[in-house]
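Below is one structure, written out as structure tokens; comments come after it.
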Amino acid sequence: MKECSKYQGIIPAFYACYDGSGAIAPAAVRALTEHLLQKGVKGVYVGGSSGECIYQSVEERKLVLENVMAVARGRLTVIAHVACNNTRDSRELAAHAEAQGVDAIAAIPPIYFHLPEHAIARYWNDISDAAPHTDFFIYNIPQLAGVALTLPLLREMQKNPRVIGVKNSSMPVQDIQMFRDEGAAVLNGPDEQLLSGLAAGAIGGIGGTYGAMPELYLQIWALFHRGRMEEAREVQNVACRIIYKMCSAQGNMYAVIKEVLRLQGGPDCGGVRLPLAPLTQADRQVAEESAAMIAAAVAKYC
44 MKECSKYQGI IPAFYACYDG SGAIAPAAVR ALTEHLLQKG VKGVYVGGSS GECIYQSVEE
104 RKLVLENVMA VARGRLTVIA HVACNNTRDS RELAAHAEAQ GVDAIAAIPP IYFHLPEHAI
164 ARYWNDISDA APHTDFFIYN IPQLAGVALT LPLLREMQKN PRVIGVKNSS MPVQDIQMFR
224 DEGAAVLNGP DEQLLSGLAA GAIGGIGGTY GAMPELYLQI WALFHRGRME EAREVQNVAC
284 RIIYKMCSAQ GNMYAVIKEV LRLQGGPDCG GVRLPLAPLT QADRQVAEES AAMIAAAVAK
344 YC
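Letter by letter, the sequence shown follows residues 44 to 345 in my numbering.
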């Protein structure tokens with residue numbers, strides 16, 4: 044396995060930050076980066092699902108990354124998700140990410156058309172070639188991308204020396220074990236199974252709810268590595284209950300999370316971009332209850 048110590052730990056997936064008109068808010072991007080840094084996380088994952096990447100233009104995604112790097116450079120590990128649904132734009136984002144000095148880039152497979160594996164491999168390799176000095180993570184999220192990473196495809200991609208591992212957001216924990224067994228560094232994706240993923244061999248985690256409650260995930264990480272599994276399981280269960288609460292809203296979960304951040308006194312990241320469902324008035328109670336649950340859990344376990 045390649046050297047991967049800079050990816051070992053808790054890496055929140057970065058949230059999209061908008062101003063009142065729905066445009067990217069550079070000041071909020073910087074504030075959120077600093078906020079997460081002060082929480083003690085290992086790094087940030089920029090431009091993924093939590094960053095609403097498929098609803099942003101190439102130039103917007105560049106602007107976000109530039110402002111993250113203005114704060115994070117030399118202080119946090121930064122992985123930039125650069126995939127677009129065409130190779131040209133993806134390569135442009137990959138080259139830009141390398142120029143910004145990120146630690147790694149990542150990419151989902153092409154979506155909508157069901158491509159053969161050799162075409163998916165070419166897509167990923169073409170993206171990687173645009174950032175020839177940067178590590179590459181395959182982003183496996185079949186429930187959204189409609190394409191699952193297979194062992195033959197992983198083995199083909201491992202011929203590329205820049206491919207360091209997999210950001211694995213598939214639900215079967217077994218996938219982590221299988222990819223790990225092939226020599227890939229695996230980052231656990233589903234927040235609800237961070238502890239299970241670590242037990243299966245994940246070197247760290249990237250999660251969409253980490254930014255709302257980083258203290259709990261940092262505690263799961265610490266307890267796991269101290270061998271205190273019962274306590275780690277208890278914190279994981281509490282984190283799951285908070286996730287279920289946030290997902291009970293009518294609006295999109297990230298709209299709820301951004302409201303939770305505001306209630307916590309954190310950065311104002313704005314709303315979510317349509318067609319994601321915005322926060323409803325009734326959802327504010329869900330956000331308040333979620334924030335209260337997080338505060339109680341942090342006080343008890345951290």
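Quick reminder that beta carbons are idealized off the backbone N, C-alpha and C, glycines included.
Check your understanding: The alpha helix (DSSP H) spanning G247 covers which residue range?
Key -> Per DSSP, G247 belongs to no alpha helix (DSSP H); it is in the beta strand (DSSP E), 247-250.
Point to revise | Cα-Cα separation between P152 and A191, rounded to whole angstroms | key: Distance between the alpha carbons of P152 and A191 is about 9 Å.
Practice item. Taking 8 Å as the cut-off, decide whether the C-beta atoms of P321 and G294 are in contact. Key: Cβ atoms of P321 and G294: closer than 8 Å.
Practice item. With DSSP collapsed to three states, give me the class of K210. Key: K210: strand per DSSP, three-state reduction.
Check your understanding: Are the region 273-286 and the region 228-237 touching, with three or more C-beta to C-beta distances below 8 Å?
Key -> Verdict: yes, contact present.
Review point. Which word fits G65, buried or exposed, when buried means at least 16 other C-beta atoms lie within 10 angstroms of its C-beta?
Key: With fewer than 16 other beta carbons inside 10 angstroms of its own, G65 counts as exposed.
Check your understanding: If you follow the alpha helix (DSSP H) that H157 is part of, which residue opens it and which one closes it?
Key -> Counting along the chain, H157 sits inside no alpha helix (DSSP H), nor does DSSP assign it H or E at all.
Review point. Is V290 buried or exposed, if buried means 16 or more other CB atoms sit within 10 Å of its CB?
Key: It should be noted that the sequence gives Cys, not Val, for residue 290. Exposed.
Point to revise | Endpoints, alpha helix (DSSP H) assigned at Y297 | key: Boundaries of the alpha helix (DSSP H) around Y297: 296-306.
Review point. Any idea if G144 is buried or exposed, counting beta-carbon neighbours within 10 angstroms, 16 or more meaning buried?
Key: It counts as exposed.
Review point. Among all the DSSP beta bridges, which residues are the ones paired with N129?
Key: DSSP output for N129 lists no bridge partner at all.
Review point. For the alpha helix (DSSP H) that I285 lies in, which residues bound it at each end?
Key: Following the DSSP letters along the chain, one finds I285 inside the alpha helix (DSSP H) bounded by residues 272-290.
**Study point:** Complete alpha helix (DSSP H) runs within the region 84-148 (minimum length 4 residues, chain order)
**Key:** The qualifying runs are 101-115, 130-143.
Point to revise | DSSP three-state assignment for L230, whether helix, strand or coil | key: L230 falls in the strand class under three-state DSSP.
Practice item. Indicate whether S333 and K288 have their beta-carbon atoms separated by less than 8 Å. Key: Their beta carbons are under 8 Å apart, which means S333 touches K288 by this criterion.
Exercise for review: Pull up the distance between the alpha-carbon of R118 and that of I170, whole angstroms please.
Suggested key: In this structure, the alpha-carbon of R118 lies about 26 Å from that of I170.
**Study point:** Which of helix, strand or coil DSSP assigns to P55
**Key:** DSSP places P55 in the strand class (E or B) of the three-state scheme.
Review point. How would you call N128, buried or exposed, if buried means at least 16 neighbouring beta carbons within 10 angstroms?
Key: Under this definition N128 is an exposed residue.
Check your understanding: What are the partner residues of N183, as DSSP defines its beta bridges?
Key -> Bridge partners of N183 according to DSSP: N211.
Check your understanding: Any idea if G308 is buried or exposed, counting beta-carbon neighbours within 10 angstroms, 16 or more meaning buried?
Key -> Around the beta carbon of G308, fewer than 16 other beta carbons lie within 10 angstroms, which makes this residue exposed.
Check your understanding: In whole angstroms, what is the alpha-carbon distance linking R284 and M336?
Key -> Looking at the two C-alpha atoms, the distance is approximately 9 Å.
Exercise for review: Examine the Cβ distances between the region 175-183 and the region 153-162 and report whether three or more of them are shorter than 8 Å.
Suggested key: These segments do not touch.
**Study point:** Where D62 sits in the DSSP three-state scheme
**Key:** Three-state DSSP puts D62 in coil, outside helix and strand.
Check your understanding: In terms of alpha-carbon separation, which member of T252, R316, S213 lies closest to C96?
Key -> Among T252, R316, S213, the Cα nearest to that of C96 belongs to R316.
Review point. Based on Cα-Cα distance, which residue from D218, A227, R223 lies nearest to P204?
Key: Each of D218, A227, R223 was checked against the Cα of P204, and the nearest Cα belongs to A227.
Review point. Cα separation between V121 and Y88?
Key: Distance from the CA atom of V121 to the CA atom of Y88, rounded to whole angstroms, is 6 Å.
Exercise for review: Measure the alpha-carbon distance for A70 versus N110 and round it to whole angstroms.
Suggested key: For A70 and N110, the gap between their C-alpha atoms comes out near 8 Å.
Review point. By DSSP, does I219 sit in helix, in strand, or in coil?
Key: Looking at I219 - three-state DSSP - the assignment turns out to be helix.
**Study point:** Nearest to E77 (by Cα), restricted to the options D62, S92, F57, V303
**Key:** The candidate whose alpha carbon is nearest that of E77 is F57.
Point to revise | Identified DSSP bridge partners for A150 | key: Its beta-bridge partners are I181.
**Study point:** Cβ-Cβ separation, V216 to F222 (assumed contact under 8 Å), whole Å
**Key:** The C-beta separation of F222 from V216 comes to about 11 Å, leaving the pair out of contact by the 8 Å criterion.
Check your understanding: Can you tell me the Cα-Cα spacing of Q99 and L106, whole angstroms?
Key -> For Q99 and L106, the distance between alpha carbons rounds to 11 Å.
Review point. G247 and I67 look like a contact to me (Cβ under 8 Å); what is the Cβ gap, rounded to whole Å?
Key: The Cβ separation is near 27 Å, so there is no contact.
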